[in-house]
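Step one of this worksheet: look at the structure below.
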Amino acid sequence: HADFLSGARELARATGARPVLSDEGGDGWRYAWAAEAGALLVKDGAKLMVGNIAVDVLHTPGHTPEHICFRITDTKATTRPMGVFTGDFVFVGDVGRPDLLEKAAGQAGTMETAARTLFASLQRFKQLPDYLQLWPGHGAGSACGKALGAVPSSTAGYERFANWAFTADEEDDFVAQVLAGQPEPPAYFAQMKRLNRDGPPARRTTRPDRIPGNALRDLVGEGAAVADTRRTLDFAAGHVRGSLNIPFGSSLATYAGSVLPYDKPIYLVARESALDEVITALASVGLDDVAGWLPPEDIGAPLDSTTQLPAAEAARQALAGDVTIVDVRRQSEWDEGHVAGAIHIPLAEVAARVAEIPPDRPVVLHCEGGGRSAVAAAVLRSLGRHDVANLQGGIKAWIKAGLPVEKDELARIAPERRGG
């Protein structure tokens with residue numbers, strides 16, 4: 555589990571419920587908090603009874619080595635199963651990606667082996683009857699696959715003819731297809747996997763202290779992380795130098811986990827009405843060291859600003875060689891069309907790859923619509939690159955202005971970063 559911090563340990567502590575956890579995968583994949591919680595560790599073939607409901611454990615490795623599914627049978631009505639909780643194994647229209655251990659956790663050379671293991675798990679899964687309902691752990695928007703459908707459930711029969719993974723009969727073909735085009739994993743995935751295995755910390759139960767606005771600049775200077783949750787344009791118009799823009803919204807947790815540090819206290823700029831929701835979102839990705847907050851009106855002055863560059867002006871400066879354009883979108887977006895001569899560095903990798911951006915010219919960052927690139931601009935500025943502008947409206951505005959894009963999957967990106 556890597557999308558978010560699991561609440562299983564906290565739920566068990568609060569209710570006295572007994573967690574049921576996988577005992578598959580071997581050393582390094584067992585839950586360190588299992589004994590403390592009195593967890594029941596299960597392997598393939600185990601059967602549990604919850605009243606009249608039978609729960610059969612199916613080991614389905616591939617996405618991760620320890621992954622299990624739960625097959626459900628209403629024994630009061632029949633001996634035939636009714637459905638399967640498929641977790642991160644089979645989604646609607648997709649399957650759990652097998653490359654995360656290598657790309658997110660740094661376990662080199664594991665993704666092809668995992669892909670072949672996933673293929674074997676699918677062959678076993680194909681033996682299940684068509685009528686079985688499937689209840690996956692994720693839907694559209696999760697980075698645990700590349701083509702997840704938005705429908706919350708499906709059936710084994712429907713997935714057999716509609717899900718691309720079930721149409722690949724040859725193992726080598728499946729491996730090539732499942733590894734191609736996977737989105738870059740958020741930077742925090744490895745952290746989530748470790749915390750969920752070793753035991754997430756208890757959630758904060760009190761609000762952090764409100765701090766005076768004039769303290770924010772000193773805190774940034776001392777190395778603290780400041781997350782300003784205002785809208786992109788509001789942040790660009792005026793913010794404390796060195797602060798990061800993590801706009802309040804559905805992507806807040808993903809952005810925060812990609813750019814905020816896990817080893818420093820975090821201070822928030824947020825509306826009081828949104829504060830609790832922001833703190834909860836941060837906690838969901840393990841960022842629970844929120845040391846203080848203040849509302850936007852308390853920031854004061856002097857403030858820094860980020861230039862919002864119109865597409866036509868960005869194109870003029872790029873053609874003249876006056877700026878470097880950096881595209882922070884996902885690989886699949888880049889492949890569909892990008893600005894000629896741009897450098898491709900996905901948002902989650904900006905801080906680690908800042909040295910790849912030439913220091914002799916100003917930088918113009920862009921994404922699809924301007925949101926992710928605004929986050930990236932704040933990251934660069936916090937690292938000392940102040941000659942940074944955001945392409946207003948992103949590549950959508952670029953295309954709308956009639957400016958050209960090109961398709962070149964290998965342009966400006968090293969083969970090893972593409973898995974080739």
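Sequential numbering of the sequence shown, starting at 555, is according to the working numbering.
Don't be surprised by glycine CBs; every beta carbon is placed ideally from N, CA and C.
(1) Among residues of its own chain, excluding the 5 on either side of Ala866, which ones have a beta-carbon nearer than 6 Å to its beta-carbon?
(2) According to DSSP, simplified to helix, strand and coil, what is Asp557?
(3) Mind listing, in chain order, the continuous beta strand (DSSP E) runs of no fewer than 3 residues lying wholly within the segment 569–606?
(4) Tell me whether Thr632 sits in a helix, a strand or coil according to DSSP, three-state version.
(5) Cβ atoms of Ser886 and Pro737: under 8 Å apart, would you say?
(6) Which ranges would you report for the alpha helix (DSSP H) in the segment 712–793 if only whole runs of at least 4 residues count?
(7) Take the Cβ of Leu682 as the centre, count every other Cβ of all protein chains shown within 10 Å, and call the residue buried at 16 or more, exposed below.
(8) When you compare the segment 671–678 with the segment 624–634, are there three or more beta-carbon pairs, one atom per stretch, that lie closer than 8 Å?
(9) If you follow the alpha helix (DSSP H) that Phe673 is part of, which residue opens it and which one closes it?
(10) Throw me the rounded Cβ distance for the Leu798 and Ala824 pair, which I believe falls under 8 Å.
(11) How many Å lie between Ala924 and Ala722 at the Cα?
(12) Would you mind working out which of Asp817, Cys698 and Pro916 sits nearest Ala874, comparing C-alpha positions?
(13) Going by the beta-carbon positions, is the gap between Gly663 and Glu620 smaller than 8 Å?
(14) Note down, in chain order, each residue of its chain lying with its Cβ closer than 7 Å to the Cβ of Val705, except the 5 sequence neighbours on either side.
(15) Kindly indicate the opening and closing residues of the beta strand (DSSP E) around Ala865.
(16) Spell out a yes or no on whether the segment 776–792 and the segment 813–831 are touching, meaning 3 or more CB-CB pairs, one atom from each, closer than 8 Å.
(17) In this structure, what does DSSP give as the bridge partners for Cys921?
(18) So, helix, strand or coil for Gln946, using DSSP?
(19) Since Gly650 and Cys698 should fall inside the 8 Å C-beta cutoff, what is the C-beta to C-beta distance between them, to a whole number of angstroms?
(20) I'd like the span of the alpha helix (DSSP H) that includes Val832, first residue to last.
(21) Report back the beta-carbon spacing between Ala869 and Gly895 to the nearest angstrom; my notes put them in contact at under 8 Å.
(22) For Pro912, which option in Asp941, Glu922, Ser936 and Trp888 has the closest C-alpha, if you only look at C-alpha atoms?
(23) Does DSSP put Leu964 in a helix, a strand or coil?
(24) So what does Asp817 bridge to, in DSSP terms?
(25) Quick check on Arg563: does DSSP put it in helix, strand or coil?
(26) Quick check on DSSP: helix, strand or coil for Leu937?
(27) Please determine, among Gly777, Leu655, Arg771 and Tyr809, the residue with the shortest C-alpha to C-alpha distance to Arg538.
(28) Alpha carbon to alpha carbon, how far is His613 from Val729? Give it in angstroms, no decimals.
(29) With 16 as the cutoff for other CB atoms within 10 Å, does Arg972 come out buried or exposed?
(30) Could you give the C-beta distance for Gly660 and Gly691, rounded to a whole number, given that I count them as a contact under 8 Å?
(31) To the nearest angstrom, report how far apart His920 and Asp653 are at their CA atoms.
(32) Is Asp830 buried or exposed, if buried means 16 or more other CB atoms sit within 10 Å of its CB?
Considering the structure as presented:
(1) Close CB contacts of Ala866 within its chain, under the 6 Å cut and outside five residues either way in sequence, are with Ala955 (chain order).
(2) Per DSSP, reduced to three states, the secondary structure at Asp557 is coil, with no helix or strand assignment.
(3) Every unbroken stretch of the beta strand (DSSP E) spanning 3 or more residues and falling wholly within the segment 569–606 is given here in chain order: 574–576, 594–596 and 601–604.
(4) In the three-state scheme derived from DSSP, where H, G and I count as helix and E and B as strand, Thr632 is classed as coil.
(5) For Pro737 and Ser886, yes; Cβs fall inside 8 Å.
(6) Whole alpha helix (DSSP H) segments, 4+ residues: 718–721, 725–733, 743–752, 770–775 and 786–791.
(7) Counting the other Cβ atoms within 10 Å of the Cβ of Leu682 gives 16 or more, which makes it buried.
(8) No: the two stretches stay apart, fewer than three of their Cβ pairs being nearer than 8 Å.
(9) First-last of the alpha helix (DSSP H) with Phe673: Met665 to Phe679.
(10) A Cβ-Cβ separation of about 13 Å leaves Leu798 out of contact with Ala824 under the 8 Å criterion.
(11) Before going further, note that residue 924 is Gly rather than Ala in the sequence given. Separation of Gly924 and Ala722 (C-alpha to C-alpha, rounded to the nearest whole angstrom) is 37 Å.
(12) Among Asp817, Cys698 and Pro916, the Cα nearest to that of Ala874 belongs to Pro916.
(13) For Gly663 and Glu620, no; Cβs fall outside 8 Å.
(14) Hits under 7 Å: Val646.
(15) For Ala865, no beta strand (DSSP E) run applies; the uninterrupted alpha helix (DSSP H) run containing it begins and ends at Ala865 to Leu873, by DSSP.
(16) The segment 776–792 vs the segment 813–831: in contact.
(17) In the DSSP secondary-structure assignment, Cys921 is not bridged to any residue.
(18) Note: Gln946 maps to coil in three-state DSSP.
(19) With a beta-carbon spacing of about 6 Å, Gly650 and Cys698 fall inside the 8 Å limit used to define contacts.
(20) Secondary structure note for Val832: its alpha helix (DSSP H) is the uninterrupted segment Glu826 to Ala837.
(21) Contact between Ala869 and Gly895 does not hold, since the beta-carbon distance rounds to 11 Å and is not under 8 Å.
(22) Taking the Cα of Pro912 as reference, the smallest distance to any Cα among Asp941, Glu922, Ser936 and Trp888 is reached at Asp941.
(23) Annotation note: pLDDT 46 at Leu964 (below 50); position unreliable, coordinate value reported separately. Here Leu964 sits in coil by DSSP.
(24) Beta-bridge pairing links Asp817 to no other residue.
(25) Secondary structure at Arg563: helix, using DSSP grouped into helix, strand and coil.
(26) In the structure shown, Leu937 sits in coil (DSSP, three-state: anything other than H, G, I, E or B).
(27) Only positions 555 to 974 of the chain appear in the structure, and residue 538 is not among them; the question remains open.
(28) Taking the straight line from one Cα to the other gives about 20 Å.
(29) With a pLDDT of 39 at Arg972, under the threshold of 50, the modelled position of this residue cannot be trusted, and the question is left open.
(30) No, Gly660 and Gly691 are not in contact; Cβ-Cβ is about 24 Å, not under 8 Å.
(31) Each residue's alpha carbon lies about 27 Å from the other.
(32) A residue is called buried when at least 16 other Cβ atoms come within 10 angstroms of its Cβ; Asp830 does not meet this threshold and is exposed.
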